[in-house]
Each structure stands twice: as C-alpha cells, then as structure tokens.
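Counting from 1, position 12 in the sequence shown corresponds to residue -3 in this note's numbering; the numbering is continuous, with no gaps. A virtual CB, placed ideally from N, CA and C, is assigned to each residue, including glycine. Read through the structure below, which is laid out as structure tokens, and then see the notes.
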Amino acid sequence: MSERRPVAFLSYVRSDDDHDNGAITAFRKRLEGEPITFTAAWCNLIAEWMDKLRISTEFLGFTTRAWKGGQSKERWLATGKPSNPGRLNDLRHLIYKSFSASVGASAPNFGMMTREGLLKENIDGEAVLWAFARLQKQRSLSKMLVVISDGAPVDDTTLSANPANYLEQHLRGVIDSISDKVSLHAIGIGHDVSRYYPNAATVTSARDLGPRFFEVVANDELFRSSYDSSEPRKRYRYVAPKLK
-14 MSERRPVAFL SYVRSDDDHD NGAITAFRKR LEGEPITFTA AWCNLIAEWM
36 DKLRISTEFL GFTTRAWKGG QSKERWLATG KPSNPGRLND LRHLIYKSFS
86 ASVGASAPNF GMMTREGLLK ENIDGEAVLW AFARLQKQRS LSKMLVVISD
136 GAPVDDTTLS ANPANYLEQH LRGVIDSISD KVSLHAIGIG HDVSRYYPNA
186 ATVTSARDLG PRFFEVVAND ELFRSSYDSS EPRKRYRYVA PKLK
C-alpha cells in the first residue's frame, strides 16, 4: 500500500499501577444523521463510565481525505498507472479522546463526529494497525481492542485498480496478525462483522450500541480476570446506563 499510515479502534488494558488503559473506536462514512448522533452520545457516556471503572480510554476515528482518491492517486497517474498500485487514497485519522486526556476536556470532540462531510471512504486494515500500534505503547498487563463498524472496507478508487477483495483481504491479514496479541472485538451497527472478526456482536440500531458495548466488555475474559480472578467464569448481562 502506498504511503502507509494506520487508522483506528477501541482497546482495554491492565497496567502495573493498578489503572487500566483502553478504548479506541473506529467510525465509518455511512454513520450519518441519527446513527452518528447516537454513536457520538454513547461514546461520551462510555468514556465516562470507563473512567468510573478506572479504565483509561482512547477514542479514534478514521476516514479518507477525499472522495475518489487524493495525492496518492495523483502520484499513481503521474507514474503511468502501474498495475496493482495498492491504496490510492490519503488517510485521515481523528483523535476524539487520547489516553492522556480527561473525559471532560474531550467531551466537545465527540460532537465533531457529527460534522457534515467529515467521514468519507473506509480503509479498515490500516485503521486496525494504527489502533493496535497506539495501544501497544501503553504500559499494561492485558489489552482489549474494540472495533465499531457499519460496513465492509470500501474505497472506490483503490478497488478500481486492484483486485475486488483487496481491502478485505488486507483487513483479514491484519486481524490474523494481531489477534494473539490483544483481546480483539467488533460491534457491527446494522452490519454483520463476524466474517472478519472472530469475536463479533451486532446491533440493528446505534441506539443499542451502549448496552451491547458494555456486555461485550463485561464478558471479556481479560477484563473480568483483571478485577477478580478468584470468581468463577460465568457470562452475565451488564446493565448499562440509559441514553436519554
């Protein structure tokens, strides 16, 4: 892929100073109108509740800088359009809340998710790599990465000059390469992501994102064992806060 720059997601970590680190969230272009509004509101609430649980969070977004390619495409055209060029769009990475930022200071950033025209194409594989690389820099004993997705990897310009499954294959390769290094989960909004992620959940509406997120986190083995390893492993339903 040309000009490789990663992209983003959600992660959890147990650190040496008894404080957890976690949470990176990826958003996609099709989350517009009411869906992105509910997603932004839920992310703000999730950050607040994770903070109460002494879990540090980081929320990221990913998209592309342009429709139908950018500088990457221009360079490809200038060199005579060689075959199998790789990515032909420029990535844009968004940090709504970093690990070091407080929830209060980051609250206005969640509103930026709803900015019209911000979200464009979806290049997922590099997004996961970016999120994973950021998570790996955190001092922690256990780590969890949660991807919030509303569709398959799509960038029309890239796919027009590469095999049709190019972006999907890259995403699957990335998932395979990191799945033994981090607790990886995905939540699909109106979209089944189980064909990509082994640990996947689905919600039909962004209105239900919060409760599903807390269920995914609460039933993660690393998450639960970091709080009380003596209790028997049993699945349970987490009662999440309600979004008014």
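Is the CB-CB distance between Asp75 and Arg50 below 7 Å?
Yes, Cβ-Cβ distance for Asp75 and Arg50 is below 7 Å.
Taking DSSP as the reference, what is the three-state secondary structure of Arg180?
Three-state DSSP puts Arg180 in coil, outside helix and strand.
In the DSSP output, what is Thr48 paired with across the bridge?
Looking at the DSSP assignment, Thr48 forms a beta bridge with Arg77.
Can you list, in chain order, the residues of its chain whose CB lies under 6 Å from that of Ser179, leaving out five sequence neighbours each side?
If we look at Ser179 and ignore the five residues flanking it on each side, its Cβ neighbours are Ala185.
According to DSSP, is Ser57 helix, strand or coil?
Ser57: helix per DSSP, three-state reduction.
Return helix, strand or coil for Gly136, following the three-state DSSP convention.
Here Gly136 sits in coil by DSSP.
For Ser87, name the three-state secondary structure that DSSP assigns.
Of the three classes helix, strand and coil, the one that applies to Ser87 here is coil, per DSSP.
Please check the pair Ser134 and His78, which I expect to be a contact at CB under 8 Å, by giving their CB distance rounded to whole angstroms.
Their Cβ separation, rounded to whole angstroms, is 16 Å, which puts Ser134 and His78 out of contact at 8 Å.
Mapping the DSSP letters down to three states, classify Leu152 as helix, strand or coil.
DSSP places Leu152 within a helical segment (H, G or I) once states are collapsed to three.
Per DSSP, what are the beta-bridge partners of Lys82 in this structure?
Here Lys82 is bridged, per DSSP, to Phe44.
Here's the rule I'm using: 16 or more other beta-carbon atoms within 10 Å means buried, otherwise exposed. How should Arg124 be labelled?
With a threshold of 16 other beta carbon atoms within 10 Å, Arg124 falls short and is exposed.
Could you tell me the alpha carbon to alpha carbon distance between Lys166 and Arg157, rounded to whole angstroms?
Going by the C-alpha atoms only, they are around 15 Å apart.
Whole-angstrom Cβ separation of Cys28 and Phe47, contact assumed at under 8 Å?
The pair is not a contact, with the Cβ atoms about 14 Å apart (cut-off 8 Å).
N-terminal and C-terminal residue of the beta strand (DSSP E) that Thr187 is part of:
Taken as a continuous stretch (DSSP letters only), the beta strand (DSSP E) holding Thr187 covers 185 to 188.
Between which residues of its own chain and Leu169 is the CB-CB distance below 6 Å, once the five residues before and five after are set aside?
Within the same chain, Leu169 has close Cβ partners Leu130.
Gly173 - partner residues in DSSP beta bridges:
According to DSSP, which records beta bridges pairwise, Gly173 is partnered with Ser134, Thr187.
Pop quiz: Ser57 and Phe84 are said to be a contact at Cβ under 8 Å. What is the actual Cβ separation, rounded to whole angstroms?
That belief does not hold up - the Cβ atoms of Ser57 and Phe84 are roughly 29 Å apart, past 8 Å.
In angstroms with no decimal places, state the Cα-to-Cα distance between Glu305 and Gly65.
Because the chain is modelled from -14 through 229, residue 305 falls outside the range shown and cannot be assessed.
Tell me the rounded alpha-carbon separation between Ala118 and Leu38.
The alpha-carbon atoms of Ala118 and Leu38 are separated by roughly 24 Å.
Just reading off the alpha helix (DSSP H) that Pro196 is part of, what are its end residues?
Unbroken alpha helix (DSSP H) run through Pro196: 194 to 203.
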